[in-house]
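For the sequence shown, the numbering used here assigns the number 2 to the initial residue and increments by one for each residue that follows.
All C-beta atoms, glycine included, are put in the ideal place defined by N, C-alpha and C.
Note sheet for the following structure.
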Amino acid sequence: MSVRVRRIYEPPEPDDGLRVLVDRLWPRGLAKDAARIDAWPKELTPSAELRTWYHAGEGSFEEFRRRYEAELDAPQAAELLDGLRESARAGRVTLLTASKKPDQNHATVLAELLGS
């Protein structure tokens, strides 16, 4: 499987494959045509409540991960996750996020789940 995480603000690359925006909100200051995304499955993004809780600094990344994975068990999210997993088996999938923390964000959790 080939899954990677990149910041949405980085220019698209020819080997990105399927470009999937995994943020619930559109990235500030970025024109939609410049992003060149192929999919924007908002059901795979953390809920507003979870995102607010995590960004307020109320909990650890491990707790965020646990709560987020529980959200991804919902039927619609699980179906979308399975679809992305199939896409990753067929070729490269690039998960795009505006997050400045490359090692501690929801896109990293998704990439790990897609690799399993």
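Here DSSP, grouped into helix, strand and coil, assigns Ser88 to helix. DSSP places Val4 in the uninterrupted beta strand (DSSP E) bounded by Ser3 to Arg8. The beta carbon of Arg7 sits closer than 7 Å to the beta carbons of Thr95 and Leu97 from its chain, once the five residues preceding and following it are set aside; these are given in chain order. When secondary structure is reduced to three states using DSSP, Ala40 falls in the strand class. Annotation for Asp16: Arg93 place their beta carbon closer than 8 Å to its own, counting only its chain and skipping 5 residues before and after. For Thr53, the closest of Lys33, Asp34, Leu26 and Gly84 by C-alpha to C-alpha distance is Leu26. Rounded to whole angstroms, the separation of the alpha carbons of Val23 and Pro13 is 15 Å. Beta-bridge annotation (DSSP): Arg20 is paired with Thr95. In this structure, Tyr69 and Pro103 do not form a Cβ contact; the two beta carbons are roughly 16 Å apart against a cut-off of 8 Å.
Of the residues Ala99, Ala91, Ala78 and Ser100, the one whose Cα lies closest to the Cα of Leu114 is Ala78.
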